[in-house]
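Enquirer: Here's a structure for you.
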Amino acid sequence: MAKATPISFKEFRTKFATEDDCRNYLFEERFPDGFVCPKCGGREYYYLKTRHTCQCKNCRRQTSVTAGTVMNRTHLPLTIWFWAIYLCATDKRGISAKGLARQLELSYESAWYLLVRIRGAMKDRDQNYMLEGLIEMDEAYLGAPKRGKKRGRGTERKKMAVAVSKTENDCPLFLRLQIIPDVTTASLQDVINGNVKPGSTIECDGLKSYPALENVSIDASAYEVGDLKWVHVAIGNFKAFLLGTYHGSCGDYQPYLNEFCFRYNRRFHPAELFTRLSRAVATSCTLLS
Ligand SMILES: [Zn+2]
326 MAKATPISFK EFRTKFATED DCRNYLFEER FPDGFVCPKC GGREYYYLKT RHTCQCKNCR
386 RQTSVTAGTV MNRTHLPLTI WFWAIYLCAT DKRGISAKGL ARQLELSYES AWYLLVRIRG
446 AMKDRDQNYM LEGLIEMDEA YLGAPKRGKK RGRGTERKKM AVAVSKTEND CPLFLRLQII
506 PDVTTASLQD VINGNVKPGS TIECDGLKSY PALENVSIDA SAYEVGDLKW VHVAIGNFKA
566 FLLGTYHGSC GDYQPYLNEF CFRYNRRFHP AELFTRLSRA VATSCTLLS
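Reading the sequence shown from the start, the letters are residues 326 to 614 in my numbering.
Take a look at the structure:
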């Protein structure tokens, strides 16, 4: 994979000025070693200028640079997509649909559509690797408790699983956040299966659902204050992010969790965030309905 390089505002404006510029960039990212037909693997193609698609010389399948990605069948200009990616990547706190609509003079619906898909690409990218080794894990609750309702594990609020992998020297590496229906072993096992390499060690508190988890070792000795430090730092930072940018509450939390994780996992390379995010969008394969 090509190295991600920082890009200045001036460079961005020059490099993504026209639809053709954006299309050429997407082609390079999607087919770094030259065109490959997704149907038959053929390498030779005709370029159909009017349709902006590559037609395979072997099976005649037509493929556009956005087909199968989160940009599939988009009606928005590609330049708008790249502006949205740029604004999303360069605003440290994340950008809301309202903010994006205002900056790009779009309808709220179009801005919302762009952000949902960009966050889908973020998730896709992070799913390329699994957490491994030593992992702190805990659960957290989102949204304010209703008056008179329970707090803590029996609450009706949205629940999320939080997992942070770390080095032997206790430095945090990668983060995953996932909405879970409850804190049963089955739900936590789903989180493990989708995010953690078999053989890893999970550090957790004394919740009864943990010891029965399969494919991982459980270290449930984290009872003391200050244990599971990195999951608690991540939870605090996520809640601040949600509050600052999205005013704390939203219907479907998972896309915001995905955005937070994508940023967190690239926190040592903030200047490269645009390049990394545009690459994530160009090569995404999540088809959202
Ligand atoms: Zn083909």
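Glycine included, C-beta positions come from ideal geometry on N, C-alpha and C.
If you draw a straight line from the alpha carbon of residue 485 to that of residue 513, how long is it in whole angstroms?
Expert: Distance between the alpha carbons of residue 485 and residue 513: 10 Å.
Enquirer: According to DSSP, simplified to helix, strand and coil, what is residue 379?
Expert: strand
Enquirer: Check the DSSP bridge columns for residue 497 and list the partner residues they point to.
Expert: 491
Enquirer: Hey, which residues come within less than 6 Å of ligand 1, measuring from Cβ to any heavy atom, in chain order?
Expert: 362, 364, 365, 367, 381, 383, 384, 386
Enquirer: Can the beta-carbon of residue 490 be found closer than 8 Å to that of residue 459?
Expert: With a cutoff of 8 Å on beta-carbon distance, residue 490 and residue 459 are scored as near each other.
Enquirer: Considering only their Cβ atoms, is the gap separating residue 379 from residue 360 smaller than 8 Å?
Expert: At a Cβ-Cβ threshold of 8 Å, residue 360 and residue 379 count as neighbours.
Enquirer: List the endpoints of the continuous alpha helix (DSSP H) containing residue 447.
Expert: 433-451
Enquirer: Taking 8 Å as the threshold (C-beta atoms), are residue 609 and residue 449 in contact?
Expert: yes
Enquirer: For the region 385-395 and the region 597-608, state whether three or more C-beta atom pairs, one from each stretch, are separated by less than 8 Å.
Expert: By the Cβ rule, the region 385-395 counts as touching the region 597-608, because three or more pairs are nearer than 8 Å.
Enquirer: Quick one: residues in its chain with C-beta nearer than 7 Å to the C-beta of residue 502, no 5 flanking neighbours on either side, listed in chain order?
Expert: 485, 487, 563, 582, 585, 586
Enquirer: Using CA atoms only, rank isn't needed, just tell me which of 508, 404, 518, 403 is closest to residue 456.
Expert: 518
Enquirer: If you draw a straight line from the alpha carbon of residue 496 to that of residue 527, how long is it in whole angstroms?
Expert: 15 Å
Enquirer: Could one say the Cβ of residue 580 lies closer than 8 Å to chain C's Cβ atoms, at least one of them?
Expert: Looking at the structure shown, chain C is missing, and only one protein chain is on hand.
Enquirer: Please list the terminal residues of the continuous alpha helix (DSSP H) segment that includes residue 517.
Expert: Run containing residue 517: 510-520, per the alpha helix (DSSP H) assignment.
Enquirer: Can you tell me which of 500, 412, 463 puts its alpha carbon nearest to the alpha carbon of residue 454?
Expert: 500
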